[in-house]
Each structure stands twice: as C-alpha cells, then as structure tokens.
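Structure record follows, encoded as structure tokens.
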Amino acid sequence: MKAMISQPMAGKTDGQIEGDRNRAIAELEGRGYEVVNTLFTDEWYSEPCMKERGVVNIPLCYLAKSIEHMCLVDAVYFVDGWQEARGCRIEHDAAVAYGVKRIYE
C-alpha cells in the first residue's frame, strides 16, 4: 500500500515542515504504508527553473503535481491544520471525490 502526505506549509519554517513530515512518515510506515514523496525539492521545481519553463503560478504548479501523484496512492495522510491550507483543502476534495482513503493526524 502507498500513501502521500498533505501538509500545510505556508508560514512554517523548513524545520517545522520537516518535523511534521517526519512524524507523518513514521505514522504511515507504522501502518504499513510506503510513502510517495510529494515534497518536490529537485532542481526541476526550483523557482528559477519553473519561471524559465514559463510557469506563471508556482503554487498551482506544486498543487497540480501533488494531485497527479494522488493517482499513485491508496491513501492521503492529512497533517493537522490541513483545513486552513488552500492546497490541502483542494487535495482533500479530490480524495473525497475520487474515493481515496483519508487518514487524519
């Protein structure tokens, strides 16, 4: 079984994001899930490279890629605070609409 993580990031430090993500990974692995990485940090998704490729709305690009990855998983793990994050709410709506299992922190 595979799962991905939906987590709020706006207003958080890299350390907070990493800590939330590590807790979520530990929880999912403890439940027997393989975690699909949706933290797009490679060069292709750096702001300069995206702008060079003509990406106008960078947050929307990240969201689109995340939703694309949803087709690879059996479940989505929603980190606390997801209800206040626009992208997480959209990911949640997609999971509900397409019958993807939801796990809440």
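Residue numbering for the sequence shown follows our numbering, starting at -4 and increasing by one per position. Beta carbons: idealized from backbone N, C-alpha and C, even for Gly. It should be emphasised that the depicted structure is a prediction, and the values quoted were computed from it without experimental measurement.
Query                                                                                                         : Result
For residue 57, the three-state DSSP class (helix, strand or coil)                                            : helix
Where the beta strand (DSSP E) containing residue -1 begins and where it ends                                 : -3 to 1
Short Cβ contact (9 Å threshold) for residue 95 with residue 71                                               : yes
Given residue -1 as reference, the closest of 63, 78, 79 and 76 once Cα atoms are compared                    : 63
Beta-bridge partners of residue 29, as assigned by DSSP                                                       : -3
Helix, strand or coil at residue 71 [DSSP, three-state]                                                       : strand
Cβ pair residue 115, residue 2 closer than 9 Å                                                                : With the chain represented from -4 up to 100, any question about residue 115 goes unanswered, as that position is not in the structure.
Cα-Cα separation, residue 6 to residue 55                                                                     : 17 Å
Classification of residue 74 by the beta-carbon crowding that lies within 10 angstroms, buried from 16 upward : buried
Of the residues 16, 46 and 66, the one placed nearest residue 92, counting alpha carbons only                 : 66
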